[in-house]
Every structure is written in C-alpha cells, then in structure tokens.
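Numbering (the UniProt record's numbering), first residue to last: 1 to 135.
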C-alpha cells in the first residue's frame, strides 16, 4: 500500500493511536506454553497474569485504512517504559516506510502524559508547535 502510493506520488500521512484496554486476568496452558501473562516481548518477562493490553495502531489520515501495529500484555507500565516502547515502534514504522506520522492519540492517563514528556513533547504550551523526533 505504501509503496504503491509512493509510486503514484501520494505521500500517506498517519496517526498513531495508543490505548490500554482491560483484559480478563487469566493464565492458561495450551499444552505448549502459557497465555495471559505479562509479555513485553522480552525473554525475561514476569510470570504474573496480565490485566491490560497496551495496543498501538496506525490510522491513515489521507487514505482509507487502519492497522494494528503491536500489542503488549501488561499489568502496569511507567511513563519511561511506555516512551521506550513508543520510540521503538516509531523507529520500526519509519524503517518500513511510514515516515509521516502527524498525530499521536491517547487518553489523558498520567502515564501517557509522562510518556510524551519523555519523548520530548510539551503538550501544555498550545502556542508552540510540538514535534517528536526519532532518537
């Protein structure tokens, strides 16, 4: 989709949505592995039951599609860990041709506000333009 639009001279613009959704606290064994535990994609993830799914999704602002990017089974995450995950996701998106992200949408939870502060944004000064750059 991105390559096809670039060939036509259409530069796609995206928004990145971040949402934390409550999930049922349940750890199950399927005969091969456990499901429902905290999982941040690391080998040393904790074995406690997850209570939330942290979901990242891109939405095309000048097209007609949206796509989930990644999700993480969590209990809670600090603002700096969320910022690190978001930075990694932005880097992967950029490496895969999604280079024009115009907005980041999230609720007003304090960890989300702290996350964008860790990313370098000042969302409290509405007179100033706010840009994040991939580090």
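The C-beta atom is built at its ideal place from N, Cα and C for all residues, glycine as well.
Check	Outcome
Where does residue 19 fall in DSSP's three states?	strand
Which first and last residues belong to the alpha helix (DSSP H) in which residue 53 is found?	Per DSSP, residue 53 belongs to no alpha helix (DSSP H); it is in the beta strand (DSSP E), 52 to 60.
Across the region 26 to 44 and the region 57 to 67, are there enough close Cβ pairs to call them in contact, namely three or more that are closer than 8 Å?	no
Judging by CA-CA distance, which residue of 16, 124, 70 and 1 is the nearest neighbour of residue 10?	1
Identify, in the order they occur along the chain, each residue of the same chain with its Cβ nearer than 7 Å to the Cβ of residue 67, setting aside the five sequence neighbours on each side.	57 and 58
Using the three-state DSSP reduction, which class does residue 4 fall into: helix, strand or coil?	helix
Return the chain-ordered list of same chain residues with a C-beta closer than 7 Å to the C-beta of residue 89, the five sequence neighbours on each side being excluded.	56, 69 and 70
Could you say which of 75, 124, 40 and 20 lies nearest to residue 85 if we only look at CA atoms?	40
So residue 101 is in the beta strand (DSSP E); what residue range does that whole segment cover?	101 to 105
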